[in-house]
Every structure is written in C-alpha cells, then in structure tokens.
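Asks: Residue numbers (mature numbering (1 follows the signal peptide of the UniProt record, and there is no 0)): -25 to -1, 1 to 250.
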C-alpha cells in the first residue's frame, strides 16, 4: 500500500484533464502539500484504493494494477494539489492509465489562489485528444505564483497513475531551490530556473532599475542606500565632514593605536630652545 505524509494544505493543485510538455524541474512540490479529488472511484467487491494520494506515490508508469488515482464519473470533476505557501510551478509531468487513456482527453490544467473554479489561470488545455495518444506528458508552465493546482475535466473521469509538480517556493531558485532570490527583487519574486527578478527591482532602492538577471542596481542607488543591490545604508549620507589640522590627526591616530587614554603634544611650529 502506498503511503504519504500529509502536510497542512495552503496551496492547491487541481488536475482537470489536460496534457503536459517537458520542462526543467527544481523540486517535486507534490510531495510537500496535500492532495484531494472531487470524488473517488469505488469498485464493488474490491479493497483497492483509488484515492488522490495514489497519484503522487509512484511507481511512475501507466499500469492500473500498480495503482492510479481515479475520480468517479460525473459532469465536472477534478484532482488537486494544495500547497502550504506560494510557489512558482515550472513543469508538470503526468502518467495516464494506458487501457483507458481516452478518458483524459480535453482535460485542463489550472493554477489558482482561491477555491476550485475561482481565480484561476489556465496552464494547459488538451485540444487534440493528445492524452489518448501520449500517455506520458510533460507541460511547461510559467505563470504567476500559485497555491492551488488542479486537473479538471467534464463528463468523464480524472485518472492519474503518477504525477510530479516541479518548481520552487516563492523566494528561492536554483538546484533544489536552495538559492535565495536577489535582495532587490520586488517582494522576493524571482524565476526558479535562473533567479531573474520577475516583477523587476525595488524602486525605493535602485535609482534606475536593475539587471533582472542578477538584481544588481544598474544606475546607482537612491540617496541613503549603498552596495551593489542598494540594500545597505550609506552612513555618510546627510552627515557633515570636517577638515582637521594634520597634527590633530596624528594625535588621534596615536591615541587610538595605544589604547588607554593618554596625552600627546605635537608642536606645529617648532622653535629652538634659545629662541
């Protein structure tokens, strides 16, 4: 029996019948959320489970006998992943049931930050019955950060033998999503594959924007900020500067090096003892 630890849901991924194209993945976010489906198929006299969790447990194949999730047959149905926080999804890989692949024809893959069927972005729609002819699909998605992802279909089932949802949590990118986004990216939004600032750079720090690929300010910093990302304070800004006699500087340096308070006298106009 496949097992999976269920985490508190905050991000939802729902699968509606759709197809995917290949993309580079960072981490499999499906293992860091909770999954659900509108209904669950039951087979009379069988103790087999077709629960939503079966789709993320593996193995990655198309065999119904090895375990697949399945909804019941109805007018509208969905399978979804709910994540605990915002994430950028780059790619979804899915394996469909080989002996009933036509059931996934015309499916749609949505991203959402609200409830199912609300505030959604369409990542992909199967318009040419591709699911039936392509049992293993990989879909690239470069949309807004999301908390919910789902497969949706009409007048049929949603059946998934295995699925991966690849990407990074908001604020991180790179291999295994371990690299923080550049300091200057607005609200720490950066592309999970290359770290570029998706929403641009913080205008309250950069004088003339930044290089989105690095977050480094391209035209200097606004007054009071410093550093290549303009994320440090310029302590010299709006302060006064004084010019001291050379002898006073010598006296300061000597006392600073020696440590304990001591008095030193430097004669700026030396004269002979006789004069």
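From the three backbone atoms N, C-alpha and C, an ideal C-beta is built for every residue, glycine too.
As the structure is a computational prediction, the values presented were derived from the model and not from experiment.
1) Going by alpha carbons, who is nearest to residue 190 out of 178, 158 and 198?
2) For residue 103 and residue 114, I'd like the C-alpha separation in whole angstroms.
3) In terms of residues, what are the limits of the alpha helix (DSSP H) holding residue 29?
4) Expressed to the nearest angstrom, what Euclidean distance is found between the alpha-carbon atoms of residue 127 and residue 80?
5) For residue 204, which of 168, 167, 169 and 163 has the nearest alpha-carbon?
6) Along the chain, where does the beta strand (DSSP E) containing residue 5 start, and where does it finish?
7) In angstroms, rounded to a whole number, what distance separates the CA positions of residue 44 and residue 154?
8) Check residue 14 in the structure and name its three-state DSSP category.
9) Could you tell me the alpha carbon to alpha carbon distance between residue 34 and residue 171, rounded to whole angstroms?
10) Return the residue from the list 2, 20, 161 and 28 that minimises the CA-CA distance to residue 14.
11) Along the chain, where does the alpha helix (DSSP H) that runs through residue 19 open and close?
12) Name the residue from 70, 48 and 52 whose alpha carbon lies nearest to the alpha carbon of residue 42.
13) Start and end of the beta strand (DSSP E) containing residue 112?
14) Run through DSSP, which three-state label would residue 196 get?
15) Can you give me the C-alpha to C-alpha distance between residue 228 and residue 202, rounded to a whole angstrom?
16) Let me make sure I understand the geometry here. Which of 119, 200, 125 and 89 has the alpha-carbon closest to that of residue 100?
17) Measure the Cβ-Cβ separation of residue 141 and residue 65 and say whether it is below 8 Å.
18) So for residue 49, helix, strand or coil by DSSP?
Replies: With the given structure in hand:
1) 158
2) 15 Å
3) 29 to 32
4) 11 Å
5) 163
6) Careful: residue 5 lies outside any beta strand (DSSP E) and carries neither H nor E.
7) 34 Å
8) coil
9) 34 Å
10) 28
11) Element bounds for residue 19: n/a, residue is neither H nor E.
12) 70
13) 111 to 115
14) strand
15) Here residue 228 scores only 46 on pLDDT, less than 50, and its place in the model is too uncertain to base an answer on.
16) 125
17) yes
18) strand
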